[in-house]
Structures are given as structure tokens and as C-alpha cells.
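Trainee:
Numbering (the UniProt record's numbering), first residue to last: 1 to 183.
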């Protein structure tokens, strides 16, 4: 089978070929429990795409973006009960694209028995909005990426936990996190 764990078969095809999304071209690495993998962010793009998945086991990971003053990392901890059904896809901005390189690291916080697949790829122009992940670049001609609304946002103080209930019929959720940091 020539696909990642989280790729479902294409329902419109008679074969068992995987349904390809625009981010599927990025290579993935196996990260064993307790270990770390390091990636260079694409310097020619505005954003990097980080994806994490497992073969159906729990996904417990932390990824960091090393950039900015004094090379201070920005961290995100993520958890999924089933990394095949609910993989993690995150988009990280490259604010200094072309001027300096960023480093992204992925650390598997889980035990050795729970490896994960991770990768970092570049995001094509206009591809990281609310459009369908299965749109091709030809489908996106003339598509304008929507600007996230600041009215709907909720402030979450440092160290706080905010949960959002989702209906059982929800297949995917998009969360946009911004900060009034020094960048």
C-alpha cells in the first residue's frame, strides 16, 4: 500500500488508491517514542506544514519552532487518542522567509511502543485557508484566502486550558492561534 496511515481510499476511484491531499508530497520520518527529529523550514514559503500521525495508536508529541530573538523556541504540545483517525496537521508561519532559516523539531513524548510518523513540508501559495485539503492548485486559481475573524476569538491566558465541545458529526476542526508577541 503506497500511502500514509491517515490517508483514506479515494471514494471516487475503483482502485484502493489513496485520496491525495495537496500536502501529501512531503516525506515523513518515523520518530520512536522518547526521541526527536529535526527539520529545516522551507525558506521560500510563507508557511510550513507539520503533520503527525500514528498507525492507530495514541499520538503524544511536542513540536518546536526555533526562530526569533535569541533563538527561543515556540512550543506546541499535541495529543490524539488515535493518530490514524485523527492525525495532527499544523501550519507554522515563516515570518522571516528567505532572510534566515528556521528549524522545526518534533519530539515523540510517548513510550517506545508508540512510534509516530512526522514530516515538515512547504505550503503552496494560498493553500492553508479554509478551502478543502483535496483542492488542487488549478482549483485554487482566483481563490482568496479568508482572513480569520478576531471577533469570534477567545482569550486564553498563559497556563490556562480551554476546551471546545464538538458534535459527533464533526470530521475536522480548524483552530487559529495568534499572539501579541514580539514578532
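Yeah, the Cβ is synthetic: ideal placement off N, Cα and C, and Gly gets one too. Just so it is clear, the structure is predicted and the values come from calculations on it, not from any experiment.
Using the Cα positions of residue 85 and residue 72, report the straight-line distance between them to the nearest angstrom.
Mentor: As a first step, residue 85 is located in the chain shown; it is residue number 85 there, counting from the start. As a first step, residue 72 is located in the chain shown; it is residue number 72 there, counting from the start. In a straight line, the C-alpha of residue 85 is about 33 Å away from that of residue 72.
Trainee: Among 162, 40, 30, which one has its Cα closest to the Cα of residue 122?
Mentor: Translated into positions along the chain shown, residue 122 becomes position 122. Of 162, 40, 30, the residue nearest in Cα terms is 40.
Trainee: Work out the CA separation of residue 94 and residue 183 for me, nearest whole Å.
Mentor: Taking the first residue of the chain shown as position 1, residue 183 is located at position 183. Taking the first residue of the chain shown as position 1, residue 94 is located at position 94. Residue confidence is low: residue 183 scores 45 on pLDDT, short of 50, so the model does not pin down where it sits. Its coordinate-derived value is still stated next. Cα to Cα, the separation comes out at about 11 Å.
Trainee: Counting Cβ pairs closer than 8 Å, one from the segment 28-39 and one from the segment 72-82, do we hit at least three?
Mentor: Short answer: they don't touch.
Trainee: Given a threshold of 16 other Cβ atoms within 10 Å of its Cβ, counted over all protein chains shown, does residue 173 qualify as buried or as exposed?
Mentor: The sequence position of residue 173 within the chain shown is 173, counting from 1. By the neighbour-count rule (16 or more Cβ atoms within 10 Å), residue 173 is not buried but exposed.
Trainee: Leaving out five residues before and five after residue 109 in sequence, what residues of the same chain have Cβ atoms less than 7 Å from its Cβ?
Mentor: Position 109 of the chain shown, counted from the start, is the residue given in the question as residue 109. Result list for residue 109: 60, 61, 62, in chain order.
Trainee: Measuring CA to CA, which of 156, 81, 104 is closest to residue 48?
Mentor: Walking along the chain shown from the start, residue 48 turns up at place 48. Checking every option, the nearest Cα to that of residue 48 belongs to 104.
Trainee: Hey, out of 171, 169, 180, 81, whose CA is closest to residue 55's CA?
Mentor: Residue mapping note: residue 55 aligns to position 55 of the chain shown, counting from 1. Residue 55 has its Cα closest to that of 81, out of 171, 169, 180, 81.
Trainee: Taking the alpha carbon of residue 38 as the reference point, which residue from 170, 92, 66 has its own alpha carbon closest?
Mentor: Position 38 of the chain shown holds residue 38. Taking only the C-alpha atoms, the option nearest residue 38 is 66.
Trainee: With DSSP collapsed to three states, give me the class of residue 71.
Mentor: For the purposes of this step, residue 71 is identified with residue 71 of the chain shown, where counting begins at 1. If DSSP states are grouped into helix, strand and coil, residue 71 belongs with the helices.
Trainee: Short check: CB of residue 53 to CB of residue 87, under 8 Å?
Mentor: The sequence position of residue 53 within the chain shown is 53, counting from 1. The sequence position of residue 87 within the chain shown is 87, counting from 1. Yes.
Trainee: I'd like the list of long-range same chain contacts for residue 120, defined as Cβ closer than 6 Å, with 5 residues on each side in sequence excluded.
Mentor: Locating residue 120 in the chain shown gives position 120, counting from the first residue. Excluding positions up to five away in sequence, the list reads 39, 48, 50, 104.
Trainee: Write down the C-beta distance between residue 83 and residue 57 rounded to the nearest angstrom, noting that I regard them as a contact closer than 8 Å.
Mentor: Translated into the one-based positions of the chain shown, residue 83 becomes position 83. Translated into the one-based positions of the chain shown, residue 57 becomes position 57. Rounded, the Cβ-Cβ distance is 6 Å, consistent with contact.
Trainee: Under a three-way DSSP split, which group does residue 167 fall into?
Mentor: For this step, residue 167 is matched to residue 167 along the chain shown. DSSP places residue 167 in coil when its eight states are reduced to three.
Trainee: When the distance is taken between beta carbons, is residue 162 closer than 8 Å to residue 156?
Mentor: Walking along the chain shown from the start, residue 156 turns up at place 156. Walking along the chain shown from the start, residue 162 turns up at place 162. The answer is yes: Cβ separation under 8 Å.
Trainee: So what does residue 88 bridge to, in DSSP terms?
Mentor: Here residue 88 is taken as the residue at index 88 of the chain shown, counted from 1. Its beta-bridge partners are 52.
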